[in-house]
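So the sequence shown is numbered by my numbering: it starts at 117 and just counts up by one.
Okay, so here's the structure we're looking at.
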Amino acid sequence: MVTADLYKLTKRSVLKDPGSGHRQELAEIEIPRADERPFSRSKVSWNFKKANWPLFTKLLEQGHCSDKLDFILNPNIIYRTIKDTIISCAKSSIPGGRQKKYKSFWTDELTSLKAKRDKLRRKAELTSRPCVFKLGENNLHALGRS
Numbered sequence: 117m118v119t120a121d122l123y124k125l126t127k128r129s130v131l132k133d134p135g136s137g138h139r140q141e142l143a144e145i146e147i148p149r150a151d152e153r154p155f156s157r158s159k160v161s162w163n164f165k166k167a168n169w170p171l172f173t174k175l176l177e178q179g180h181c182s183d184k185l186d187f188i189l190n191p192n193i194i195y196r197t198i199k200d201t202i203i204s205c206a207k208s209s210i211p212g213g214r215q216k217k218y219k220s221f222w223t224d225e226l227t228s229l230k231a232k233r234d235k236l237r238r239k240a241e242l243t244s245r246p247c248v249f250k251l252g253e254n255n256l257h258a259l260g261r262s
């Protein structure tokens, strides 16, 4: 048994009788190399700051896809209908956009401080009695908390 995303990459074969009366099944999963994978579009990004929220609300309330939900149907069909309605309303009222020059907030200094924190956490977890570990003043100053 494999998940749906691996199904197309899987080959199954029944091995010859090993003599015990049982049949063994061999499953091979071929995961393609990165350069062989088909081109996939990047995730959709939304610019929520420039969204027209009144229009989005109006479209949702009107039932943009005028289909009435029949709760007797398969839950997957109901889910798909609701999801498609929300996405179509979002496409109509929320512009897409990406941050052009993304600057990460994570720095080498934060990496070293996180390593120190993790070390202190491990030490605290391994000790049998609770105690207080304090960061030095220089570390608090580096974080802007002095």
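We treat Cβ as the ideally placed atom computed from N, Cα and C, and that holds for glycine.
Item: DSSP-derived helix/strand/coil call for Trp222; Value: coil
Item: Minimum C-alpha distance to Leu125 - residue among Lys239, Glu146, Ser228; Value: Glu146
Item: Inter-stretch contact at 8 Å, needing at least 3 Cβ pairs: the stretch 164 to 173 / the stretch 200 to 214; Value: yes
Item: Simplified DSSP state of Thr275, which is helix, strand or coil; Value: Because the chain in this structure spans residues 117 to 262, residue 275 falls outside the shown range and cannot be described.
Item: Three-state class that DSSP yields for Ser209 in the structure shown; Value: helix
Item: Residues bridged to Glu144 (per DSSP); Value: Lys127
Item: Close-in-space but distant-in-sequence residues of the same chain around Ala176 (CB under 6 Å, 5 per side omitted); Value: The residue asked about is misnamed: residue 176 is Leu in this sequence, not Ala. Hits under 6 Å: Cys205.
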